[in-house]
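Per this note's numbering, residue 4 is the first one in the sequence shown, and the count goes up by one each step.
Using N, Cα and C, we set each Cβ at its ideal position, and we do this for glycine too.
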Amino acid sequence: MSDSSLTLPIVDPSPSRRLPPWLRRELPRGNHDHFTGRLLKELDLVTVCDEARCPNRMECYARKTATFMILGDTCTRSCGFCSVARGNPAPPSQDEPQRVAEAARRLGLRHVVITSVTRDDLPDGGAEQFVRCIEAVRDALPSAAVEVLTPDFRFQPDALDQVIDAAPDVFNHNVETVPRLYRRVRGPQSEYRWTLELLQRVKRRAPHIHTKSGLMLGLGETFEELLEVFADLRRVECDFLTLGQYLQPDTRRLLTPERYLHPEEFARLGRWAEAIGFRHVASGPFVRSSYHAGEFLPGGEASHTEG
Numbered sequence: 004m005s006d007s008s009l010t011l012p013i014v015d016p017s018p019s020r021r022l023p024p025w026l027r028r029e030l031p032r033g034n035h036d037h038f039t040g041r042l043l044k045e046l047d048l049v050t051v052c053d054e055a056r057c058p059n060r061m062e063c064y065a066r067k068t069a070t071f072m073i074l075g076d077t078c079t080r081s082c083g084f085c086s087v088a089r090g091n092p093a094p095p096s097q098d099e100p101q102r103v104a105e106a107a108r109r110l111g112l113r114h115v116v117i118t119s120v121t122r123d124d125l126p127d128g129g130a131e132q133f134v135r136c137i138e139a140v141r142d143a144l145p146s147a148a149v150e151v152l153t154p155d156f157r158f159q160p161d162a163l164d165q166v167i168d169a170a171p172d173v174f175n176h177n178v179e180t181v182p183r184l185y186r187r188v189r190g191p192q193s194e195y196r197w198t199l200e201l202l203q204r205v206k207r208r209a210p211h212i213h214t215k216s217g218l219m220l221g222l223g224e225t226f227e228e229l230l231e232v233f234a235d236l237r238r239v240e241c242d243f244l245t246l247g248q249y250l251q252p253d254t255r256r257l258l259t260p261e262r263y264l265h266p267e268e269f270a271r272l273g274r275w276a277e278a279i280g281f282r283h284v285a286s287g288p289f290v291r292s293s294y295h296a297g298e299f300l301p302g303g304e305a306s307h308t309e310g
């Protein structure tokens, strides 16, 4: 670690409620965003791009990409950072896997990312629907890489193993924040320990699957706490890491950022993560879980951005 900046702590810890200039974005040009939006509406598909009110949505849609959110648009948990609706979800749609695969085919995706709401109401937490979607995408696009971003399946190893055995190319499960803030950010139904055990189980059961995790920054974590999380993730052989700025969605019921990190702080943290062994790191204010996901795999390209 020859870069002397790696030894510096994160600076300027004072909170700020106004968005700094580096968090202002230009709107993309062209009409591809309309094409993507119309296609998703036609196929009656939900995306995390819309439901989580991601700041990258227009960029992603303009690039004819989207992160598919299966199992409906209603979550059974109440995380402090997420704008997805809470309530009693509808039963899984039987033709959803085919609709996801058709959208991926018509968008020409080379790297398909599938996530979901948390479904604690289902016996397997929704694992079977993930498997069916992976299989449908593989049938429609045999050469495409498939990445899943899963919930914890209610800490059920058998459910997790179903998805592992479907052999996605990338298995993503976000740690989201540091242990001290876990209950405030993720709620009482989530555990930091299980996140690590989930990623470890994937690697032990299928060493060829790339594992991935991500954190939101600006919620009150310290530099030292972040380094400890990086070390924990590497101990379970997590391959890929994403670091992004938490931005409060347009709702007052959700957490407010403690501060906004400067892009240089993200660059410094990214160098730290690379220095301790992550194979690929994406670190920046607008980075999200599937940001340029296609670039993480060897020989990949920026074929997918989370909305």
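Rounded separation between residue i and residue j - CA only
i    : j    : result
E105 : V140 : 8 Å
R237 : S216 : 11 Å
T39  : L112 : 12 Å
R135 : P23  : 43 Å
F269 : H295 : 16 Å
S8   : R89  : Only weak support exists for where S8 lies, its pLDDT of 43 falling under 50; the value from the coordinates is given anyway. Looking at the two C-alpha atoms, the distance is approximately 42 Å.
T77  : V120 : 7 Å
G129 : I279 : 34 Å
Y249 : H211 : 31 Å
L199 : G297 : 24 Å
L43  : G273 : 34 Å
Residues that residue i bridges to, as DSSP identifies them
i    : result
A285 : T245
R89  : C78
L125 : Paired residues: none, contrary to the question.
T153 : Partner(s): none; T153 has no beta bridge.
Three-state class that DSSP yields for residue i in the structure shown
i    : result
A270 : helix
T2   : Here the chain comprises residues numbered 4 to 310, so residue 2 is not present and cannot be evaluated.
E240 : coil
H265 : coil
A148 : strand
T50  : strand
D6   : With a pLDDT of only 48 at D6, under 50, the local geometry of the prediction cannot be trusted, and no value is derived from it.
L26  : helix
Y64  : helix
G223 : coil
N-terminal and C-terminal residue of the beta strand (DSSP E) that residue i is part of
i    : result
K215 : 213-220
T118 : 114-119
N-terminal and C-terminal residue of the alpha helix (DSSP H) that residue i is part of
i    : result
F174 : Run containing F174: none in the alpha helix (DSSP H); it sits in the beta strand (DSSP E), 173-175.
I167 : 160-168
F133 : 130-143
V181 : Run containing V181: none; DSSP gives neither H nor E here.
E200 : 195-208
V290 : Unbroken run through V290: none, as it is neither H nor E.
Original post:
Using 8 Å as the Cβ pair cut-off and three pairs as the minimum, do the segment 171-189 and the segment 215-232 touch?
Top reply: Yes: at least three Cβ pairs fall under 8 Å.
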